[in-house]
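**Q** Pasting a structure here, questions to come.
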Ligand code: GCU
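Numbering (my numbering), first residue to last: -8 to 418.
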């Protein structure tokens, strides 16, 4: 494992106190990145079999207990209803399906509305990109047939009144979801609204799926139980349950994708659920692809202070104490091995630490190699718009924190190259 030694041990030991004294101001100064030793994903792993049989589960549990929280098993009931199918969506280019999943027994228990677009001219089952959206299915296109989400939505003063969606929010996220570009490349797109699983705010617990799984007498989560990212990732697995049953979909080629907090979610979903044949993290940063131990940009402390509902409560104990974490984020990437993985970053997205995301990919590569892939074909951060297209893909795009048509193009190029019959699937 790589040990970086630019800071003396003495300085490293002093870091937590220094950070506290500064009120944890974010650091964007590469020269201030201290010495750290990354945990070795291949610790005690003599061969690929040992990884598959023991180490993979061990790491998954460590991430569950310390970062994202444990999540429950779904049970055997798959509660999907086809709500509507239309063969003339997107100007006649797509088949659109609206599918509802109900998770509880009571009418107002949480439910998830899955939106699926498939290219109309498909000849066989199609590969699909699946991702969570931030503001409601109706925000990803101008398609008037998509119902406005009736759930709580973030009120930015324009798109929502009293935290309810209005017509003016239709299509407002369309620049991040280039549906026509995706369909033209022969891929389908499936998405659901994050708020169906966990409304994205600190009071979101009660309306989330968490209470459905409380034990008798339990009224709040335990310190090692899931939060919003866990619930969103769980929703991705439930969406996958549906996609497996849809005869238009190639269930061996479903890629899970996400931007920013949904990039963190996509990584956790891809690590936890090997049915996803490819994993794409776009600008996921802290708690996603970026190494925690670099403490560059957004730190464990920052993210837990701003978004305490995203992770499990145990994660808070690593604020200013990253070296005590039993894992680091390169091991989350390694949990996706040997499936194709792509980490997209942006030049001006400093808070998400491009270099930290690159080093994560680099340090996940030994696991990818052990499992028989070509690993990661770069030794240093590539120049902007020079994507690396090995089994672990990577790029730096110009511009800010966002997901753009350029990013999607790289993800589809990578899927064209690598998303084959999922090697982790038994059937
Ligand atoms: C905030 C947060 C990031 C997150 C981003 C997003 O900026 O600090 O960690 O990725 O929101 O999800 O948009």
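Note that the Cβ used here is the ideal one computed from N, Cα and C, for glycine as well. Everything numeric in this text was worked out from a predicted model, so none of it was measured.
#1: Would you give the residue range spanned by the alpha helix (DSSP H) that residue 49 belongs to?
#2: I need the residues with a C-beta less than 6 angstroms from some heavy atom of ligand 1; please give them in chain order.
#3: Which ranges would you report for the alpha helix (DSSP H) in the segment 77 to 110 if only whole runs of at least 4 residues count?
#4: Considering only residues of the same chain and omitting the five flanking positions on each side of residue 12, which have a CB-CB separation below 6 angstroms?
#5: For residue 216, I'd like the list of residues in its chain whose CB is within less than 7 angstroms of its CB, leaving aside the five on either flank, ordered along the chain.
#6: Using the Cβ count rule (16 or more neighbours within 10 Å means buried), how would you classify residue 38?
#7: Taking the CB atoms as reference points, tell me whether residue 279 and residue 290 lie closer together than 8 angstroms.
#8: Could you name each continuous alpha helix (DSSP H) segment of 4 residues or more that falls completely within the segment 360 to 413, going from the start of the chain to the end?
#9: For the alpha helix (DSSP H) holding residue 252, just list the boundary residues, first then last.
#10: Taking just the CA atoms, how far does residue 58 sit from residue 116?
#11: Quick one: what does DSSP say residue 354 is sitting in, helix, strand or coil?
#12: Drop a sphere of 10 angstroms on the beta-carbon of residue 19, count the other beta-carbons inside from all chains shown, and report buried for 16 or more, exposed for fewer.
#13: To the nearest angstrom, how far is the alpha carbon of residue 305 from that of residue 224?
#14: At which residue ranges does the segment 162 to 245 contain complete alpha helix (DSSP H) runs of 4 or more residues, listed in the order of the chain?
#15: Report buried or exposed for residue 14, applying the criterion of at least 16 other Cβ atoms within 10 angstroms of its Cβ.
#16: Determine contact between the segment 282 to 289 and the segment 155 to 170, defined as no fewer than three beta-carbon pairs at a distance below 8 angstroms.
#17: Let's test the definition: count the other Cβ atoms within 10 Å of the Cβ of residue 249 and tell me whether it reaches 16, buried, or not, exposed.
#18: Under three-state DSSP, which class holds residue -5?
#19: Express the C-alpha separation of residue 120 and residue 171 in angstroms, rounding to a whole number.
#20: On the DSSP letters alone, give me the boundaries of the beta strand (DSSP E) that residue 124 sits inside.
#21: Flag this pair as touching only if the segment 316 to 324 and the segment 352 to 360 have three or more C-beta atom pairs under 8 angstroms; answer yes or no.
#22: What residue from 264, 372 and 104 has the CA that sits closest to residue 73's CA?
#23: If you draw a straight line from the alpha carbon of residue 293 to that of residue 193, how long is it in whole angstroms?
#24: Kindly list the residues whose CB is nearer than 7 angstroms to the CB of residue 241, restricted to its own chain and excluding five residues on each side of it in sequence; keep chain order.
#25: Cutting at 8 angstroms between CB atoms, please list the residues of its own chain near residue 100, excluding the five before and the five after it.
#26: I'd like the list of long-range same chain contacts for residue 127, defined as Cβ closer than 8 angstroms, with 5 residues on each side in sequence excluded.
#27: So, with DSSP's three-state summary, where would you put residue 323?
#28: Per DSSP, which residues does residue 18 bridge with? Please list them.
#29: Quick one: using the 10 Å Cβ neighbour count with 16 as the cut-off for buried, is residue 123 buried or exposed?
#30: By DSSP, does residue 72 sit in helix, in strand, or in coil?
#31: Given a threshold of 16 other Cβ atoms within 10 Å of its Cβ, counted over all protein chains shown, does residue 347 qualify as buried or as exposed?
#32: Over the uninterrupted beta strand (DSSP E) stretch that includes residue 337, give me the two end residues.
#33: Name the residue from 339, 245 and 381 whose alpha carbon lies nearest to the alpha carbon of residue 363.
#34: Taking 6 angstroms as the limit between beta carbons, can you name the residues of its chain near residue 130, skipping five residues before and five after?
**A** With the structure as the only source:
#1: 47 to 54
#2: 251, 252, 276, 277, 289, 294 and 297
#3: 80 to 83
#4: Per-residue confidence for residue 12 stands at a pLDDT of 35, beneath the threshold of 50, marking its modelled position as unreliable; the derived number appears in the next sentence. Around residue 12: no qualifying Cβ.
#5: 60, 61 and 303
#6: exposed
#7: no
#8: 396 to 409
#9: 252 to 263
#10: 36 angstroms
#11: helix
#12: exposed
#13: 18 angstroms
#14: 170 to 175 and 219 to 236
#15: Confidence in residue 14 is poor, its pLDDT being 49 and thus under 50, which makes the residue's placement unreliable; the coordinate value appears in the next sentence. Answer is exposed; the Cβ neighbour count stays below 16.
#16: no
#17: buried
#18: Note that residue -5 has pLDDT 36, beneath the 50 cutoff, so the model's placement of it is unreliable and the number below is only indicative. Residue -5 falls in the strand class under three-state DSSP.
#19: 13 angstroms
#20: 117 to 124
#21: yes
#22: 104
#23: 15 angstroms
#24: 116, 117 and 118
#25: 93, 94 and 203
#26: 139, 140, 142, 144, 156, 160, 184 and 186
#27: helix
#28: 288
#29: buried
#30: strand
#31: buried
#32: 332 to 337
#33: 381
#34: 160, 163 and 164
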